[in-house]
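Those protein sequences? They're chains X and D, same order as listed. If you use the working numbering, the first sequence corresponds to residues 21 to 307, in order. If you use the working numbering, the second sequence corresponds to residues 16 to 80, in order. Just so it is clear, CB atoms sit at the ideal spot from N, CA and C, and this is done for glycine as well. Scroll down for the structure; my scribbles are underneath it.
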Amino acid sequence: MSGDSMPGEPTPGGRVPGGAMLGEVGLGGRALEVYGVPLRSRLLLGTSRYPSPAVLSAAVKASTAQVVTVSLRRESSGERAGQGFWSLIQELGVRVLPNTAGCHSAKEAVTTAHMAREVFGTPWIKLEVIGEDDTLQPDVFGLVEAARILTSEGFQVFPYTTEDLVVADRLLDAGCRVLMPWGAPIGSGRGLNNLFGLKALRAHFPDVPLVIDAGIGVPSHAAQAMELGFDAVLLNTAVAQASDPARMAAAFAQAIEAGVEARQAGPMEPRDMAAPSTPVIGTAFLR
Amino acid sequence: MKILVNGDWRDTGAVDLAAALAELGYGEAVVATALNGEFVPATSRQGAHLSEGDRIEVLAPMQGG
């Protein structure tokens with residue numbers, strides 16, 4: 021893991037592109053800090069499904085993300101595809117968040133986490149235990165079991181979960197200090213499917229960093245997540261599969277900044293009926 | 016003897032995991048290994064004895080979401 025030279029360094033004015041003011045108190049009165057690491061950018065970016073390594077690199081830079089997700093796959097001794105990818109990521113100077121994608125049991129996820137810790141040299145693990153193949157929704161029982169084992173072994177777990185309050189509570193009990201509820205199924209681009217559930221989660225755990233992970237399709241979804249008070253978003257396909265990934269990554273950074281600003285500015289409450297915005301007193305009588 | 020390496024059967028004379036990786040040509044590559052479903056740290060590959068039919072997984076960094 022690289023620590024010192026992160027992208028998105030502050031400009032002389034102290035403003036970080038795509039992030040809140042450096043040192044500024046974050047959403048809900050908190051600075052965004054995950055496992056003791058302060059993050060200026062509230063966008064975590066996946067590295068999969070880009071048209072080329074060069075496009076991936078351009079998108080990461082444009083996003084100003086400080087954290088990217090990576091995984092482990094079988095390596096052929098002849099091709100050694102993984103070695104080139106790892107060099108590319110190291111050159112970007114970002115933190116890596118390895119995932120356990122593709123694991124369907126706690127045991128598989130725990131073993132994968134051990135392998136990831138050795139290869140990537142970080143205790144961070146994006147814990148995924150998949151329970152259903154059509155929706156890729158988490159097996160929350162296996163997730164809690166794996167989280168408990170991994171935190172006891174010194175891992176810092178980022179669990180990919182649902183908006184379920186009881187599961188969230190169990191994950192916190194297991195030692196997780198950040199939660200990553202889905203917005204919608206992975207790769208679906210449907211945005212925030214269960215607004216009621218997500219708002220309830222935010223309200224129940226005001227002091228826990230909450231990252232919307234999966235389902236984000238367009239920048240307005242990310243802005244909405246920030247307006248609702250979520251701390252960050254993790255996305256991949258929405259940028260990787262855009263016609264111009266670097267441009268879309270920059271658009272996400274702007275949307276997230278707008279959402280953060282809006283949250284701090286205090287959005288108005290919606291109403292059922294119209295309310296005239298122009299003063300009524302002094303209206304001319306012209307009938 | 017025959018062992019399964021990333022799902023493919025291979026003939027090997029290697030006595031342990033470290034020797035097998037060298038024989039298979041992984042050299043200095045950044046990889047993590049598992050033997051029969053259990054993680055084997057790099058420091059334990061030497062001495063992780065191989066038997067007929069063992070399953071080895073050799074994983075490396077890859078794109079992920």
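The beta carbon of X:Thr182 is closer than 7 Å to those of Gln157, Pro158, Val160, Pro201 and Trp202 in its chain, skipping five residues each way along the sequence.
In the DSSP assignment, X:Ile109 is bridged to no other residue. Chain order gives the chain D residues near X:Met135 as Ala47, Ala49, Phe54 and Leu74, where near means a beta carbon separation below 7 Å. Within chain X, Glu95, Arg100 and Gln103 have C-beta atoms less than 7 Å from the C-beta of D:Ala44, given in sequence order.
Per the Cβ contact rule, the segment 161–176 of chain X is not in contact with the segment 204–216 of chain X (fewer than 3 Cβ pairs under 8 Å). DSSP places X:Gly203 outside any alpha helix (DSSP H), giving it a letter other than H or E. Here D:Val73 is buried: its Cβ has 16 or more other Cβ atoms, across all protein chains shown, within 10 Å. Its chain contains Thr171 as the residues whose beta carbon lies nearer than 6 Å to that of X:Gly195, once the 5 sequence neighbours on both sides are disregarded; these appear in chain order.
Distances from the alpha-carbon of X:Val177 to those of X:Val198, X:Leu185 and X:Val186 put X:Val198 closest. Residues of chain D whose Cβ lies closer than 9 Å to the Cβ of X:Val114 do not exist; the shortest such Cβ separation is about 13 Å.
In summary, the residues of the segment 240–259 of chain X whose CB is separated from some CB of chain D by less than 9 Å are Leu254, Leu255, Asn256 and Thr257, in the order they occur in the chain. Distance from X:Leu92 to D:Ala47 at the Cβ level is roughly 6 Å; contact confirmed, criterion being Cβ atoms closer than 8 Å. Contact of X:Arg69 with chain D is assigned, a C-beta pair being separated by under 9 Å. The C-alpha of D:Asp26 is placed about 46 Å away from the C-alpha of X:Asp264. Under the Cβ distance rule, X:Leu76 counts among the residues neighbouring chain D, one pair being separated by less than 9 Å. Chain order gives the chain D residues near X:Gly66 as Gly79 and Gly80, where near means a beta carbon separation below 7 Å.
The count of Cβ pairs closer than 8 Å, one atom from the segment 104–117 of chain X and one from the segment 284–304 of chain X, stays below three, leaving the stretches out of contact. Apart from sequence neighbours up to five positions away, the residues of its chain that approach D:Ala75 with a beta-carbon distance below 7 Å are Ala44, Val45 and Val46, ordered along the chain.
In this structure X:Asp251 is buried. Its beta-carbon is surrounded by 16 or more other beta-carbon atoms within 10 angstroms. At a cut-off of 9 Å between beta-carbon atoms, X:Trp106 makes contact with chain D. Taking all protein chains shown into account, D:Val55 has 16 or more neighbouring C-beta atoms within 10 Å of its C-beta and is therefore buried. Restricting attention to alpha helix (DSSP H) runs no shorter than 4 residues, the segment 241–270 of chain X encloses them at 257–260, ordered along the chain. In the DSSP assignment, D:Pro56 falls outside any beta strand (DSSP E) and carries neither an H nor an E.
Asn21 and Gly22: these are the residues of the segment 19–33 of chain D whose beta carbon lies less than 8 Å from some beta carbon of chain X, given in chain order.
Not a single CB atom of chain D sits nearer than 9 Å to the CB of X:Val54.
For D:Glu72, no alpha helix (DSSP H) run applies; the uninterrupted beta strand (DSSP E) run containing it begins and ends at Arg70 to Gln78, by DSSP. Between D:Lys17 and D:Gly79 a beta carbon distance of about 32 Å is seen, past the 8 Å cut, so the two are scored as non-contacting.
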